Structures are given as structure tokens and as C-alpha cells.
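First up is the structure itself, then whatever we jot down about it.
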Amino acid sequence: MSEKFFIDVHGCQMNVYDSRRIVDTLTEAGFTKTSNSSDADILIVYTCNIREKAAQKVFSRIRALKTSKTKVVAIGGCVPQAEKKNILKNKDINIAFGPQVYHKLTRYILEVLSGQTEKILDIEFEQEKKFGHLVRRKEVSHSEFVTIQEGCDNFCTYCVVPYTRGREYSRPVIDIINETKELLQNGAKEIILIGQNVNSFASEAPYINIGQPKAVWRIERLIQEIAELDGLKRLRYTTSHPKDFTNELMEVHAKIPVLVPFTHIPAQSGSDRILKMMNRGHTAKEYLNKLANFRSICPRIQFSSDFIVGFPSETNSDFEDTLKLTEEVKYTISYSFKYSPRKNTPAAAMEGQIPDDVKNERLQILQAVLMKAQLEFNKSLIGQKYEVLFDKIGKYDKQYVGKNVYSQSVIVESDSNMIGTFGDVIVERVGQNSVFGKLL
Ligand code: SAH
Ligand code: SF4
Ligand code: F3S
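Read left to right, the sequence shown gives residues 1 to 440 (the numbering used here).
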């Protein structure tokens, strides 16, 4: 087979993981990956549906990437899962496949290439099946994602994920450990355990004591076991739901050195009334108490968060509660979004939708406050030593860029190639989004 494929990836880490597995599968089947879309016979767009105009964005990506050479256009991920057969109305799209069926993509591509079918839709929801079809990784980087859990049962009223990724499903522990071991044996140094809600992970233990029922492991136990694997230098996980964050997980942070002292723990809002309408399952006070408790158990811990402004009926006073919460926590980094009504979610039908100009204004105010806290945190790093895993070259000659334990970009100068290696860096100066230092 001489056909080349190009894959364009959007969305969260789950999509990055899936897209790498798609590359593995298609390469194994004999197709060749190209990083030049105009050279591709097969165009794959792997999509995200979390915020507005998702479908339109996909169509404009297809227009931008399709050439006279393109024989197959396949759209995967969360947009086809949400749009269902509507997506095939676009004349350019041959294959629309959901996030749970990428193991069948080779077959679908061959069907279209051979002229057997022109249009295929597959949005089946059998999460475990795709994991059963994982093929050996073709490329292993120094930092690799491992999916441990998928889907979400939380049904926050604004969110499409429970509809696009399905119910919560935890992969078998033994599969996770084997996949991680293989990555470490092939050069990975950092492992990032991923899932929509990793702290609701619950899966049967790999070891059976004769005569005993199988135990169930939660993420706390999984982390401890993975931390022992040879070759592992750094371990992260993302993302967590505040209500499922246990004391045991905080203790694991305090006692396991390879686990970074950093966690993403989205607050979304600081107003109890809005949190309730969002169905988040906790109040602002409960969230703050949890973080304070975390700091007392593991003093080095730092947090990042997501926020939504302009949720239906949000008043100025609700918004001020969000500002207050951010000022109390002092996040190292935060992501904030304007509320975007998503088809078929309860919040989209709520009264009191907020006009866009109000959302814009609130977003600007919130981002200014968050940026200020972020800069203050960055300044507090000056003079300190951090271990950095370098992953790319910088803008200027001899510059290398890597990540410290807080996932911040750290920039240094070096005569030798630092890519894929760890180095100790003393922080010398900081900017809003990066940290500059000297390699020891
Ligand atoms: N499972 C993860 C995040 C999923 S989406 C979690 O719960 O943390 C990432 C972020 O996108 C969310 O935390 C939320 O802040 C934002 N988001 C989700 N739906 C949104 C919507 N309809 N409008 C605006 N932002 C949204
Ligand atoms: Fe969406 Fe809420 Fe689930 Fe996160 S926890 S994926 S925001 S429904
Ligand atoms: Fe987007 Fe789907 Fe991830 S909607 S955020 S790609 S789970």
C-alpha cells in the first residue's frame, strides 16, 4: 500500500492519545504518515466538540487541508459522536467515526479506497474494544500519555463529554501497567496518566490471592505501583474532579517523589448557586477546604484550574465570588472560557442566557486577575532550582525549552542537545508564560 495519510488533531489529551494510536494502527496496516497535508491521499481530522462552532471549524479545516490528491476524508472524535448522521451531509466527508472505534478505521479507509462504499458512519460506544486492538507503538517519545480511564458520569449541565465519550470506563490495571512498562523500556521518561476524570478510576487488581476475591484498585494504588517501574523519572495525571479527590491521593503526592507536586483541579465557578446549577457536586467552601487540606498534607503542592464565565443566570455577584475564589487559591496556571451552549445539554435550555458582551467583559476581568497571580507565582520561583525535561528547541540559537514539575515552559541556553533529557535549572528571570534559567 503506498497511500499516505495526514492527521490533524484538536481537543484534549484524550484526543492526542487516540490520534497516536490511529497513527500506530494505520502504519501497521501499511499506510505512511506524512506531515504535509498536500501530499496526503487520506485526510483525517480528529475533532473536539467542547465549545462553540465545532462542526463549522471542522468543515473549514477540511476546506483548508483537502487537495486534488485527497482520496479519502475521515472525521473522527467528539464532533461526529455528537452530530451523528448530520455530519455526513457535508459532501467532502467519506468516513465519520466516534472516539471509541478507531480500531476499525483501516477497514473503512480500504472500503472507500476500493470504491466499495462512499460514506460510512460509525459512532458505536464500546469503549473497551478499542483498547483491545492497540498495536505496538511505532514511535516512543520521552513523555507519553497512557489512558487509564475514559468517559464521564458526572453530567455537569454545560458539558458534552458524557455524550461524546460515554460512560465512565476504567481500563484493566494489568493492561495499563504493561503499556507503561513497554513505553519505559523504549525510552519514555515521563508518563502522564490521562482520563476525563482520573480520580474516579476503579479497576480490578492484577494480582489474585488464592481464595480471596479480586481487590479493586483506585488511582492512589495504581500510582504507587507505576512509580516503582524501572526507568520512570516523572509521573503526572490529569484531569481530576474536586469531589472525587481523596485524602489518600493527597498523601500519595506527599510520599512519592516521582509524582509531580502539581494537580489540575477545576473549580469552574466560585458561586455556590452557579456550582449547584452546574451540577458540580460541591460548594466553593468545600472546594477551598479540600485545597487547604491538600496543602497541609503536601506543602509543595500547586494547583491549576478551569473556569467558565457567563453560565446562564450568572450575576455580577456570582462572578465576584469566582474572582474571590481565585484570589484565595493563587493558581499557578488557569484556563478560562466563556460559557458556550452545547446542543442537548441541560444548561443550553436554561433561562437567563448571558449576552456575549457581558461574557467577554467578565472573561477579560477574570483573565487579568489570573494572569497577575500566575506572574506572582512565577516570580516566587526566581533563585530556586527545578528539574526540567527538555522537549523542544527554542526560538533562538542554542535555546532549549522544557517543562518543570508545574508544567511551566522553562527556557535555557546549552551547547549540547538537551532534547529528551532532564537538567537542573536555576531560575533567573520570569515572564507571564515562561521561566528563564541557567542549566547547572
Ligand atoms: N473532565 C474535565 C474537563 C473537560 S473539558 C474536567 O471535568 O475537568 C475542559 C474544560 O472545558 C472544563 O473544565 C470546562 O471549564 C470547559 N468547558 C466544558 N464545557 C464547556 C462549555 N459548554 N462552555 C465553556 N466551557 C466549557
Ligand atoms: Fe464534563 Fe463535568 Fe465530566 Fe468534566 S466532570 S468531563 S466538565 S461532565
Ligand atoms: Fe474535546 Fe472530546 Fe476532549 S469534546 S475536550 S476532545 S473529550
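Don't be surprised by glycine CBs; every beta carbon is placed ideally from N, CA and C.
In this text, all values refer to a predicted model and were calculated from it rather than measured experimentally.
Its Cα nearest to that of Leu235, the residue Ile226 stands out among Ile226, Val79, Pro299, His241. According to the DSSP assignment, Tyr158 belongs to no alpha helix (DSSP H), since it is labelled neither H nor E. Pairing Arg342 with Tyr158, the inter-Cα distance amounts to about 7 Å. When only Cα atoms are considered, Phe294 and Met250 end up about 6 Å apart. In the displayed model, Val329 falls within a helix according to three-state DSSP. Looking at Ala205, Ser409, Gly437, the one whose alpha-carbon comes closest to that of Lys214 is Ala205. The beta carbon of Cys78 sits closer than 7 Å to at least one heavy atom of the ligand F3S. Here Leu222 is buried, its C-beta having at least 16 other C-beta atoms within 10 Å.
As the crow flies, the alpha-carbon of Lys379 is around 27 Å from that of Pro242. Burial state of Thr164 is buried, judged by a 10 Å Cβ sphere holding 16 or more other Cβ atoms. Contact check for Ile123 against Gln56 fails: the beta carbons are separated by 8 Å or more.
Short of 7 Å from the beta carbon of Trp217, and not among the five residues preceding or following it, lie these beta carbons of its own chain, in chain order: Val173, Ser203, Ala205. Taking the Cα of Phe262 as reference, the smallest distance to any Cα among Ile354, Gln408, Glu351, Glu248 is reached at Gln408. Excluding its 5 nearest sequence neighbours in each direction, Gly76 has C-beta neighbours in its own chain below 6 Å: Tyr46, Phe97, listed in chain order. Taking a C-beta distance under 8 Å as the contact criterion, Asp39 and Thr70 do not qualify as a contact pair. Within the same chain, Cβ atoms closer than 7 Å to the Cβ of Lys233 are found at Lys189, Glu190, Val258, Phe422, the five residues on either side in sequence being excluded. Taking C-alpha positions only, Met350 is separated from Glu220 by approximately 38 Å. Look at which beta carbons fall closer than 6 Å to any heavy atom of the ligand SF4; those residues are Cys152, Asn154, Phe155, Cys156, Cys159, Val161, Pro162, Gln196, Asn197, His241.
Distance from the CA of Asp415 to the CA of Ile192, rounded to the nearest whole angstrom, comes to 29 Å. Ile44 places its beta carbon less than 8 Å from that of Ile7. Shown here, Thr106 sits in a helix according to DSSP, grouped into three states.
Spanning the alpha carbons of Arg273 and Gln302 requires a straight line of approximately 27 Å.
When beta bridges are read from the DSSP output, Asp8 appears opposite Val45. In this chain, the beta strand (DSSP E) harbouring Gln302 covers 302-309. If only uninterrupted alpha helix (DSSP H) runs of at least 4 residues are considered, those enclosed by the segment 9-91 are 13-28, 54-65, 78-83.
When distances are taken from the beta-carbon of Cys298 to the heavy atoms of the ligand F3S, even the shortest one reaches 7 Å or more.
Two segments are said to touch when three or more pairs of C-beta atoms, one from each, lie closer than 8 Å; by this definition the segment 194-201 does not touch the segment 367-374.
Per DSSP, Leu232 is not a residue of any alpha helix (DSSP H), being assigned neither H nor E. Listed in chain order, the non-local C-beta contacts of Ile93 below 6 Å within the same chain comprise Val73, Ile75, local neighbours out to five positions each way being set aside. Only exposed fits Lys438, as fewer than 16 other CB atoms lie within 10 angstroms of its CB.
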